[in-house]
Structures are given as C-alpha cells and as structure tokens.
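Colleague: Order-wise, the sequence lines are chains H and Z. Using our numbering, you'd call the opening residue of the first sequence number 1 and step up by one each time. Using our numbering, you'd call the opening residue of the second sequence number 1 and step up by one each time. All C-beta atoms, glycine included, are put in the ideal place defined by N, C-alpha and C.
2 protein chains.
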Amino acid sequence: MLLTVDLVILTLREGRLCVLLVERGEDPFRGMPALPGGFLSHDGEEILDAAHRELSEETALTAGYVHLEQLATYGAAGRDPRGRVVSVAHLAIAPGLPEPVAGTDASDAAWIPAESVLSGALELAFDHRRIVTDGIERARTKIESSALATAFCGELFTIAELQQVYEAVWGTELDTRNFYRKVQAVEGFIVPAGSGRKTTGGRPARLYRAGPTTVLFPPLSRPVPTATEEDTGEKGN
Amino acid sequence: MLLTVDLVILTLREGRLCVLLVERGEDPFRGMPALPGGFLSHDGEEILDAAHRELSEETALTAGYVHLEQLATYGAAGRDPRGRVVSVAHLAIAPGLPEPVAGTDASDAAWIPAESVLSGALELAFDHRRIVTDGIERARTKIESSALATAFCGELFTIAELQQVYEAVWGTELDTRNFYRKVQAVEGFIVPAGSGRKTTGGRPARLYRAGPTTVLFPPLSRPVPTATEEDTGEKGN
DNA sequence: TTCGGTTACTGTCACTTTCACAATAAGGGG
DNA sequence: CCCCTTATTGTGAAAGTGACAGTAACCGAA
C-alpha cells in the first residue's frame with residue numbers, strides 16, 4: 001500500500017479563484033492536468049512535512065505565510081491504475097503569486113481558474129476533480145467563520161482586497177458598506193498597519209494586517225443564491 | 001506502511017454524550033481503552049467499507065440509519081510503537097443504544113462519557129485522545145448547520161429529545177421556547193409523524209422524523225460561553 | 001370525577017443584527 | 001482648479017435573537 005500527498009493550492013489571480021495544476025509527465029494520465037503531489041520521500045516522513053515539501057517544490061513561496069491544512073483522504077480501490085494508492089489531500093492557500101511558477105518537478109505548472117475545474121470543462125487525472133471540488137468547498141465554508149481569507153492576501157492588504165477574496169471564493173458580489181462594517185466589527189480579525197497606499201488612481205486605501213483572532217464572531221455568512229443567478233456554471237452540491 | 005481505520009462512535013446515554021471505547025487485548029497498550037478499529041481486511045478493501053465493517057462488528061446496529069463520515073487521517077511517525085501505521089479516523093453517530101454492547105472483537109467495549117476523555121481523566125491508547133477530541137469538535141460544529149443531530153435520535157423523536165441532543169453535545173442548556181421556534185423555522189429539518197406518545201407522565205409529545213433538509217438555514221448557533229460557566233471540565237480550545 | 005403532578009407546547013416584547021441604499025472624502029492627473 | 005477614480009462612512013426598515021411565563025394535555029391518585 002502506497003501513501004501519497006496531494007495539494008489543492010488556491011490563490012487569487014486578477015480577481016479570480018485559481019488552483020495550481022501540473023501537467024503529468026509520466027504515464028498514468030500522461031499529459032493530463034493533475035494536482036501537485038507525490039509519494040512520501042522516505043518511510044517515516046511526517047504527512048504534513050511531505051505536504052510542506054511538495055508545496056515549496058511547486059511554488060516559490062519565500063514568505064513563510066502559507067496556510068496548509070489536511071483536507072481528506074482518498075483511497076478508492078480503482079483511483080490509480082498502478083495499484084492501491086491512498087492519497088492524503090491537503091488544502092493550501094497562498095497570496096496571489098504574480099509569477100506563473102514554472103514547475104520544478106512536473107512537466108509544467110499553471111494557475112487554472114477554479115471555474116474550469118468545477119464546471120467540468122477541464123478533465124483532471126485520477127480523482128483530482130473531486131479533490132479540488134472538496135477543497136474549494138472547504139475554503140468556501142471556512143472563510144465564513146475563520147480568518148482564513150487573509151491567507152489569500154499578502155502581509156498588508158486593504159479591506160477592498162479582502163472583499164475581493166470573499167467575492168472570488170464565493171462567486172458572489174458583496175455590498176461594500178456592509179462588508180466594511182462586518183469585517184471591522186470582528187475583534188482582532190484585521191488590525192490597522194500604519195500608512196495608506198493608492199492603487200488605480202482614487203483615494204488611498206488604509207492598510208491592514210491579519211490580527212490574532214482565528215475564529216470569526218459574528219461570522220461572515222455567505223449570501224444565499226437567489227435562484228435567479230445560477231448561471232455561473234458552478235454546481236452547488 | 002500499514003493503513004488502519006479508527007472509529008469515534010458517539011451516542012447519547014441518559015442525556016450524556018458518550019463515546020464507544022474498547023479495552024485493548026493485545027500488546028501495544030494492552031488493557032488500555034482505545035477506539036474501535038483495525039487494519040483493512042484485505043488489500044483492495046475500500047476505506048469507507050472498512051469503517052462500516054468495524055462499525056457493525058462493534059455495535060449491533062440493525063437499523064441502517066447510522067451516520068458515518070471520514071474525520072481525518074493521523075500518521076505521526078511515533079504514534080504506533082510497532083512501526084509506521086497511518087489511521088484514517090471516522091466519525092460515527094448512532095441513536096442511543098440501550099445495550100452496553102459486549103464487544104465481539106476486542107476484549108471489552110463500553111460507552112464512556114465524553115467528558116472523561118475530554119478532561120483527560122481517562123488515558124487512551126495511541127493518539128486516540130486527540131482523535132476523540134477532534135471528532136467531538138467536528139460534531140459540535142456540524143450540528144450547528146447540518147441536520148446531523150437527528151442521527152443521535154431514533155427514527156421517531158420529539159423536539160425535547162432533539163433539544164437534549166444539542167444540550168449534551170454542546171454541554172450547555174438551551175431555552176425550550178426558543179429552541180422550538182428555531183427548529184421549526186428551518187424548512188424540512190424535522191417533519192411531523194402521526195400521533196404522539198407519552199414519556200414520564202406529562203402531556204404526550206408530538207413525534208417527528210428527520211426531513212429532507214441537510215443544510216440548516218438559519219443555523220442553530222451554539223451559545224457563547226459567558227466566562228462564568230467554564231467549570232464543567234471541558235476545555236474550550 | 002376531580003385534583004394534583006408532570007411534561008409539552010405556545011406568544012410577546014425589547015433589543016440586536018442585517019440588509020438595502022447614497023453621499024462624502026482623499027488622492028492623482030490634466 | 002476641475003475631473004476622475006476609489007475609499008470610506010451613516011441611516012432607516014425589516015428580520016432575527018434572547019429573555020421571560022402561562023396554558024394544554026395526559027396520568028394516577030384521592
């Protein structure tokens with residue numbers, strides 16, 4: 001029985017939720033997009049360590065602030081043609097890397113819009129489509145009641161940027177005024193950080209950094225889809 | 001590398017949240033309480049099937065209505081003295097079994113109050129204390145926004161019984177009137193079922209069964225501990 | 001039959017939270 | 001100095017929440 005680690009690495013690029021996929025260079029599903037991952041390097045390697053290793057192999061994340069957590073374990077008998085391979089999937093969330101990240105291990109690596117995977121337009125190797133779906137669902141649920149969304153931002157960010165995170169992950173639009181109020185109402189979620197910076201013209205925005213709070217209360221609840229906006233190609237189940 | 005399946009089986013007994021523990025009959029941690037579980041029976045057995053098998057081995061659950069879901073995977077290098085053993089833990093929730101369930105596989109099986117494990121009063125084998133803690137935390141969180149609580153009840157149940165579930169799992173007391181209102185406000189959470197039955201004297205209670213709704217909206221939010229009731233021996237982290 | 005005991009069930013009011021909605025502030029560039 | 005762009009703030013209606021007590025229905029005993 002072989003144990004592997006797979007990674008669902010999410011980030012924001014141009015306001016869209018993206019997942020890092022590599023093109024398989026070897027034979028099961030050769031040439032097909034797949035999640036980055038691999039076997040444990042040596043017997044005795046911790047699972048979480050292996051996930052960290054794969055993460056730094058695949059992304060050039062110098063800043064140590066990357067969220068990484070276990071997602072779920074996938075071990076269906078027929079998921080790998082080579083035999084019984086059980087994979088412990090992990091969810092990683094990184095701030096928007098401007099570089100497309102040329103892979104070091106696999107043939108090619110690229111940020112793919114999450115929508116392409118969710119809609120089924122893009123076919124993935126193994127059961128990786130399911131894993132990506134589960135990972136995104138986890139992220140969508142978890143940003144409601146935890147400070148996870150700040151992991152999509154850099155060290156310093158504006159409230160507008162944070163709002164873009166929520167909008168991209170949930171695939172909805174939010175009211176700016178209510179978002180400002182709710183986010184600032186959560187004690188210790190975001191804390192001010194010195195001066196402001198400007199972006200595209202306009203008034204400079206205040207900068208914040210992630211605060212000590214990890215559990216959001218009251219939570220930022222995801223708006224209910226109003227049944228007349230189900231056209232984004234995203235399935236709700 | 002060996003793969004095992006462990007089960008956190010939760011139920012309600014006399015209004016208290018209990019977990020099923022077996023006394024280990026073999027040598028690593030012999031005689032110590034542990035979670036039911038075991039190795040995959042044959043190479044190729046599905047992980048979820050193995051969990052179901054262990055569940056029916058350990059409990060005499062004739063009614064098929066038991067909730068079973070994957071919890072997390074534990075693979076720390078030193079967790080098993082025999083070598084590298086990775087365990088996929090599962091969370092099971094069953095209606096209150098009146099029988100103490102004499103174990104068929106392990107030496108002995110018994111329902112243990114969750115508080116004994118959470119408080120650390122009872123020492124468990126391996127890292128099973130952590131697994132139980134994670135399982136209970138999962139249950140506590142999940143009954144807020146899913147219909148999971150009905151899995152603690154039988155086919156038919158009263159609203160008062162459902163309230164006892166929430167109170168036992170959360171370890172808090174709830175206002176009866178508000179609970180009635182909230183539970184009935186969720187469309188399709190519980191649906192009426194015919195006639196009423198009496199319990200200890202009193203007015204007969206209406207019976208309900210679990211409805212089709214699986215996501216609770218609005219959710220039943222767990223009351224915030226008011227910092228003057230932290231004495232139940234349960235740690236809040 | 002009535003009465004007391006026990007448990008199930010329901011209604012109100014004050015308060016907080018949520019949502020929908022628009023005007024003002026602060027820079028940059030011409 | 002004016003215009004453009006984006007950031008930031010306030011308000012009123014509506015819904016939800018929490019605290020609170022009384023009525024209803026059945027049982028068994030007097």
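Can you name, in chain order, every residue of its own chain whose Cβ lies under 8 Å from the Cβ of residue 114/Z, other than the five neighbours on each side?
Modeller: Taking the first residue of the second sequence as 1, we reach residue 114/Z at position 114. Result list for residue 114/Z: 10, 16, 17, 18, 19, 132 and 136, in chain order.
Colleague: In whole angstroms, what separates the C-alpha of residue 14/H from that of residue 45/H?
Modeller: Locating residue 14/H in the first sequence gives position 14, where the first residue counts as 1. Locating residue 45/H in the first sequence gives position 45, where the first residue counts as 1. Distance between the alpha carbons of residue 14/H and residue 45/H: 36 Å.
Colleague: Evaluate residue 237/H with the Cβ neighbour count: other Cβ atoms within 10 Å of its Cβ, from every protein chain shown; 16 or more gives buried, anything less gives exposed.
Modeller: Here the question's residue 237/H lines up with position 237 in the first sequence. Because the pLDDT at residue 237/H is just 31, under 50, the model does not fix this residue reliably, and the value given afterwards should be weighed accordingly. By the neighbour-count rule (16 or more Cβ atoms within 10 Å), residue 237/H is not buried but exposed.
Colleague: What whole-angstrom Cβ distance do residue 180/Z and residue 192/Z have, given they're in contact under 8 Å?
Modeller: Along the second sequence, one-based indexing puts residue 180/Z at 180. Along the second sequence, one-based indexing puts residue 192/Z at 192. Not a contact, Cβ separation roughly 13 Å.
Colleague: Check this for me: beta carbons of residue 3/H and residue 117/H, under 9 Å apart or not?
Modeller: One-based indexing of the first sequence puts residue 3/H at position 3. One-based indexing of the first sequence puts residue 117/H at position 117. No, they are not a contact pair.
Colleague: Helix, strand or coil for residue 157/H per DSSP?
Modeller: If you number the first sequence from 1, residue 157/H lands on position 157. Strand.
Colleague: Whole angstroms is fine: what's the gap from residue 233/Z's alpha carbon to residue 6/Z's?
Modeller: As a first step, residue 233/Z is located in the second sequence; it is residue number 233 there, counting from the start. As a first step, residue 6/Z is located in the second sequence; it is residue number 6 there, counting from the start. Confidence in residue 233/Z is poor, its pLDDT being 39 and thus under 50, which makes the residue's placement too unreliable to answer from.
Colleague: If distances are taken between C-alpha atoms only, which option among 57/H, 122/H, 70/H and 222/H comes closest to residue 178/H?
Modeller: Stepping through the first sequence from its first residue, residue 178/H is reached at position 178. Minimum Cα distance to residue 178/H is reached at 222/H.
Colleague: Please give me, in chain order, every unbroken run of the alpha helix (DSSP H) with length at least 4 that falls completely inside the region 155-215 of chain Z.
Modeller: 159-170 and 176-185
Colleague: What does the Cβ neighbour count give for residue 166/H, buried or exposed, with the cut at 16 atoms within 10 Å?
Modeller: The sequence position of residue 166/H within the first sequence is 166, counting from 1. Buried, by the Cβ-count rule.
Colleague: So with CB distances below 8 Å, who are the chain H contacts of residue 46/Z?
Modeller: Position 46 of the second sequence holds residue 46/Z. Ordered by position in chain H, the residues that pass the 8 Å Cβ test against residue 46/Z are 75, 76 and 77.
Colleague: First and last residue of the beta strand (DSSP E) that includes residue 108/Z?
Modeller: Mapped onto the second sequence, residue 108/Z falls at position 108. Residues 108-113.
Colleague: Along the chain, where does the alpha helix (DSSP H) that runs through residue 42/Z open and close?
Modeller: Counted from its first residue, the second sequence places residue 42/Z at position 42. Where residue 42/Z is concerned, there is no enclosing alpha helix (DSSP H), given that its DSSP letter is neither H nor E.
Colleague: If we cut at 9 Å on Cβ distances, does residue 70/H have a partner in chain Z?
Modeller: To locate residue 70/H, count along the first sequence from 1; it is residue 70. Answer yes: the Cβ-Cβ gap between residue 70/H and chain Z drops below 9 Å somewhere.
Colleague: Around the C-beta of residue 184/H, are 16 or more other C-beta atoms found within 10 angstroms, so that it is buried, or is it exposed?
Modeller: As a working mapping, residue 184/H is identified with position 184 in the first sequence. When all chains shown are included, residue 184/H counts as exposed.
Colleague: Of all the CB atoms in chain H, is at least one closer than 9 Å to the CB of residue 217/Z?
Modeller: As a position in the second sequence, residue 217/Z is number 217, starting the count at 1. It does; some Cβ of chain H falls within 9 Å.
Colleague: So what does DSSP say about residue 75/Z, is it helix, strand or coil?
Modeller: Here residue 75/Z refers to the residue found at position 75 of the second sequence. It is coil, neither helix nor strand.
Colleague: DSSP beta-bridge partners for residue 67/Z?
Modeller: What you label residue 67/Z is simply residue 67 of the second sequence in a count that begins at 1. Answer by DSSP bridge pairing, in chain order: 93/Z.
Colleague: Please list the terminal residues of the continuous beta strand (DSSP E) segment that includes residue 132/Z.
Modeller: Residue 132/Z sits at position 132 when you count from the first residue of the second sequence. Careful: residue 132/Z lies outside any beta strand (DSSP E), inside the alpha helix (DSSP H) at 128-145.
Colleague: From what residue to what residue does the beta strand (DSSP E) around residue 11/Z run?
Modeller: Stepping through the second sequence from its first residue, residue 11/Z is reached at position 11. Where residue 11/Z is concerned, the enclosing beta strand (DSSP E) stretches over 2-13.
Colleague: Quick check on DSSP: helix, strand or coil for residue 16/Z?
Modeller: For the purposes of this step, residue 16/Z is taken as residue 16 along the second sequence, with counting starting at 1. Strand.
Colleague: Check the Cβ-Cβ distances between residue 53/Z and every residue of chain H, and say whether any is below 9 Å.
Modeller: Within the second sequence, numbered from 1, the residue matching residue 53/Z stands at position 53. Residue 53/Z does not count as touching chain H.
Colleague: So is residue 123/H buried or exposed if we call it buried at 16+ other beta carbons inside 10 Å?
Modeller: Here residue 123/H corresponds to residue number 123 of the first sequence, with the count starting at 1. Exposed, since its Cβ has fewer than 16 Cβ neighbours within 10 Å.
Colleague: Once DSSP output is grouped into helix, strand and coil, what is the label at residue 34/H?
Modeller: As a working mapping, residue 34/H is identified with position 34 in the first sequence. Residue state for residue 34/H is assigned as strand, using DSSP reduced to three classes.
Colleague: Can residue 88/H and residue 51/H be called in contact, C-beta distance under 9 Å?
Modeller: On the first sequence, position 88 is the one that residue 88/H refers to. On the first sequence, position 51 is the one that residue 51/H refers to. Cβ atoms of residue 88/H and residue 51/H: closer than 9 Å.
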